[in-house]
Structure formats: C-alpha cells, structure tokens
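Each residue of the sequence shown is one higher than the last, beginning at 2 in my numbering. We put the CB at the ideal spot given by N, CA and C, even for glycine.
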Amino acid sequence: MAEAHTVLGEQVRMPVRIRQADASSALFLVDLDAARDLVAGTGLEPLATLGRAVLSLAFVRYVDGDLGPYHEFAFSLMTRQPGRKDSTGAYIHWLPVNQSFTCEAGQSIWGFPKLMADIDITPVRGGHRCEVRVDGQFVIGLRVADGLPMPGGAGGSSIDAYTSRNGVLRRTPWLMNPGAVRGRPGGARVELGDHPIAAQLRALGLPKPALFASRIGTLRMTFEDAATVLQTWENR
C-alpha cells in the first residue's frame with residue numbers, strides 16, 4: 002500500500018501527482034560566495050559553473066493535482082552534496098504558495114519552505130508575469146518571455162529537490178513530463194522590493210539579465226516521498 006500522510010485531516014498518498022500545470026522559469030548565473038552563504042549549514046554546496054552559481058526563479062500555475070489548484074513561486078539554487086557523485090539537485094530556498102492545504106502539505110511531508118503569499122500570474126504581451134507579495138509587502142515581480150518552440154519535451158525528466166528544515170536535509174525525487182515547451186536566451190525581467198528575500202536576491206547579483214528563459218505550456222509532475230539525507234547534531 003502506498004505511503005500516506007495526514008494533512009489537515011485529509012489523507013495524502015504517495016506519490017503525489019500533478020496532472021495539469023503550466024510554468025515559466027528563468028536561469029541566472031549569480032555570485033558564488035552569496036550562494037554559499039544561502040546554503041551554509043544545509044550540508045550542500047552550490048554547483049559552480051564558470052565560477053558562478055546557478056539560480057532558478059520560476060512560477061507555476063497548478064490546475065489539477067492531488068494538492069488542489071494553487072499558484073507557486075520558486076527560488077532555488079543548483080547544488081550538490083560535497084564529495085558525493087550523482088548528488089546534483091535543486092535546493093529549494095523559498096517557495097511561497099497561495100493556498101493553505103498545499104502550504105501545510107509541503108512543510109509537513111517534504112520539508113519544503115512553503116509560506117502563504119499573494120501570487121498573481123497574468124499573461125502579458127509575449128509572455129507571462131508573476132508578482133509575489135507577503136503580508137501585503139511586494140517581494141518580487143518576474144516577467145518571462147514565451148520564446149520559440151523547442152524540440153523534445155515529450156519524455157520525462159527527473160531531478161532531486163533538496164530541502165532543509167529544522168536542521169534536517171531531505172531529498173525528494175521529482176519527475177516532470179513537460180509539453181508545449183518554448184525558450185530563448187535572456188527573456189526575463191526581474192523587479193525587486195524591500196523584503197528580506199529581495200535583499201538575498203540582490204546579494205546574488207539581481208536584477209540582471211537571465212541566462213535563459215523558458216515556458217512550459219503543459220506540465221505533469223510526480224513527487225515521491227522525501228528521504229532524510231542529513232540531520233545536524235543539534236537536532237538529533
């Protein structure tokens with residue numbers, strides 16, 4: 002029988018399936034030392050590319066899935082476990098959502114750094130824009146161009162998602178099946194507010210031109226149960 006978790010009185014069975022979603026994202030090469038500061042104490046190190054760290058900013062509109070419909074914004078860094086091969090994954094640093102059930106499920110099942118926020122995703126000329134506010138305070142606006150149709154996208158791709166919560170580093174297998182994929186070099190514009198998260202993004206070097214931007218028109222995903230990778234001594 003599949004593993005199940007109780008979230009706000011409801012059963013959530015593993016794996017969690019997202020049957021319909023769409024997403025826009027942008028990749029940036031950012032300051033490596035600032036990235037090291039963000040992952041300090043997690044048991045991870047940033048993946049270095051050309052002497053820079055790799056930052057991903059993304060927004061997702063979940064339409065049909067096991068956790069219900071909601072909007073999400075993701076701030077993540079590509080990382081790895083020091084000294085371990087095949088350990089590259091996305092460290093999820095900040096993950097606001099706009100619905101309470103997925104917020105609680107993300108925190109309690111996977112240790113995702115989810116929090117409640119106002120997240121507006123709107124189509125704009127040539128792309129989509131997302132604006133995130135926390136407690137009424139503007140944090141970030143991200144506009145992503147749709148770009149040109151890209152080949153492939155019919156098959157699935159897998160990546161590990163790392164989370165660090167209460168001194169516990171967890172790894173979650175994450176399978177994506179994208180379709181209607183578009184992309185282009187550059188293609189993103191970032192606006193930052195005065196929130197502490199915006200200050201962290203400034204320390205990384207934003208706003209700046211993106212390395213690459215992409216749009217996934219149809220997206221299906223599967224999230225497996227989380228596995229504990231590391232637990233700090235203080236929390237054992």
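Checklist entry - Under a three-way DSSP split, which group does leucine 39 fall into? => result Residue numbering aside, residue 39 sits at position 38 when the sequence shown is read from its first letter. Leucine 39: helix per DSSP, three-state reduction.
Next on the checklist: I'd like the list of long-range same chain contacts for isoleucine 110, defined as Cβ closer than 6 Å, with 5 residues on each side in sequence excluded.
Outcome noted: Taking the sequence shown and counting its residues from 1, the one referred to as residue 110 is at position 109. The residues are His6.
Next on the checklist: Helix, strand or coil, according to DSSP, for leucine 231 in the structure here?
Outcome noted: By one-based count along the sequence shown, residue 231 stands at place 230. Note: leucine 231 maps to strand in three-state DSSP.
Next on the checklist: Considering only the alpha carbon of each residue, which of Ile198, Leu170, Ile93, Thr89 lies closest to valine 140?
Outcome noted: As a first step, residue 140 is located in the sequence shown; it is residue number 139 there, counting from the start. Valine 140 has its Cα closest to that of Ile198, out of Ile198, Leu170, Ile93, Thr89.
Item to check | Euclidean distance between Cα positions of arginine 37 and aspartate 121 | outcome: Here residue 37 refers to the residue found at position 36 of the sequence shown. Here residue 121 refers to the residue found at position 120 of the sequence shown. Distance between the alpha carbons of arginine 37 and aspartate 121 is about 30 Å.
Next on the checklist: Distance check for glutamine 82 and glutamine 21, CA to CA, integer angstroms please.
Outcome noted: As a working mapping, residue 21 is identified with position 20 in the sequence shown. As a working mapping, residue 82 is identified with position 81 in the sequence shown. Looking at the two C-alpha atoms, the distance is approximately 32 Å.
Item to check | Run of the beta strand (DSSP E) containing glutamine 138, from where it starts to where it stops | outcome: For this step, residue 138 is matched to residue 137 along the sequence shown. Per DSSP, glutamine 138 belongs to the beta strand (DSSP E) from 138-146.
Checklist entry - Of the choices Leu202, Gly127, Phe29, whose alpha-carbon is the least far from that of alanine 49? => result Within the sequence shown, residue 49 is the residue found at index 48, counting from 1. It is Phe29 whose Cα lies nearest to the Cα of alanine 49.
Checklist entry - Are leucine 149 and arginine 185 closer than 8 Å when you measure CB to CB? => result Your numbering for residue 149 matches position 148 in the sequence shown. Your numbering for residue 185 matches position 184 in the sequence shown. Yes; because the gap between Cβ atoms is below 8 Å, this pair is in contact.
Checklist entry - CA-CA distance, arginine 203 and glutamate 192? => result The residue labelled residue 203 in the question sits at position 202 within the sequence shown. The residue labelled residue 192 in the question sits at position 191 within the sequence shown. Their backbone Cα atoms lie some 10 Å apart in a straight line.
Item to check | Through-space distance from serine 26 to serine 77, alpha-carbon basis | outcome: Numbered from 1 along the sequence shown, position 76 holds the residue referred to as residue 77. Numbered from 1 along the sequence shown, position 25 holds the residue referred to as residue 26. When rounded, the distance between both Cα atoms is 11 Å.
Checklist entry - Is it buried or exposed for threonine 229, if we count other Cβ within 10 angstroms and need 16 for buried? => result One-based indexing of the sequence shown puts residue 229 at position 228. So threonine 229 ends up on the exposed side.
Item to check | N- and C-terminal bounds of the beta strand (DSSP E) containing glutamine 21 | outcome: Position 20 of the sequence shown, counted from the start, is the residue given in the question as residue 21. Element bounds for glutamine 21: 17-31.
Item to check | Cβ separation of glycine 90 and leucine 231, assumed to be a contact under 8 Å, to the nearest whole Å | outcome: Within the sequence shown, numbered from 1, the residue matching residue 90 stands at position 89. Within the sequence shown, numbered from 1, the residue matching residue 231 stands at position 230. At roughly 13 Å, the Cβ-Cβ gap does not stay under 8 Å, so glycine 90 and leucine 231 are not in contact.
Checklist entry - How about the segment 63-72 and the segment 12-21: do they share at least three Cβ pairs that are nearer than 8 Å? => result yes
Checklist entry - Which whole-angstrom value is the C-beta distance of glutamine 138 and histidine 196, which I expect to be below 8 Å? => result Locating residue 138 in the sequence shown gives position 137, where the first residue counts as 1. Locating residue 196 in the sequence shown gives position 195, where the first residue counts as 1. Glutamine 138 to histidine 196, Cβ: 5 Å. Contact.
Item to check | Candidates Ala214, Gly112, Thr223, of which the one nearest glycine 127 by Cα | outcome: Residue numbering aside, residue 127 sits at position 126 when the sequence shown is read from its first letter. Of the listed residues, the one whose Cα sits closest to glycine 127 is Ala214.
Checklist entry - Where does the unbroken beta strand (DSSP E) through alanine 211 begin, and where does it stop? => result One-based indexing of the sequence shown puts residue 211 at position 210. Unbroken run through alanine 211: none, as it is neither H nor E.
Next on the checklist: Given a cut-off of 8 Å on the beta-carbon distance, is the pair tryptophan 175 and methionine 222 in contact?
Outcome noted: Translated into the one-based positions of the sequence shown, residue 175 becomes position 174. Translated into the one-based positions of the sequence shown, residue 222 becomes position 221. Yes, the Cβ-Cβ distance between tryptophan 175 and methionine 222 is below 8 Å.
Checklist entry - Is serine 88 helix, strand or coil when you go by DSSP? => result Stepping through the sequence shown from its first residue, residue 88 is reached at position 87. It is coil, neither helix nor strand.
Item to check | Inter-residue Cα distance where the pair is phenylalanine 102 and leucine 9 | outcome: Along the sequence shown, read from residue 1 onward, the residue named residue 102 stands at position 101. Along the sequence shown, read from residue 1 onward, the residue named residue 9 stands at position 8. Roughly 7 Å separates the two Cα atoms.
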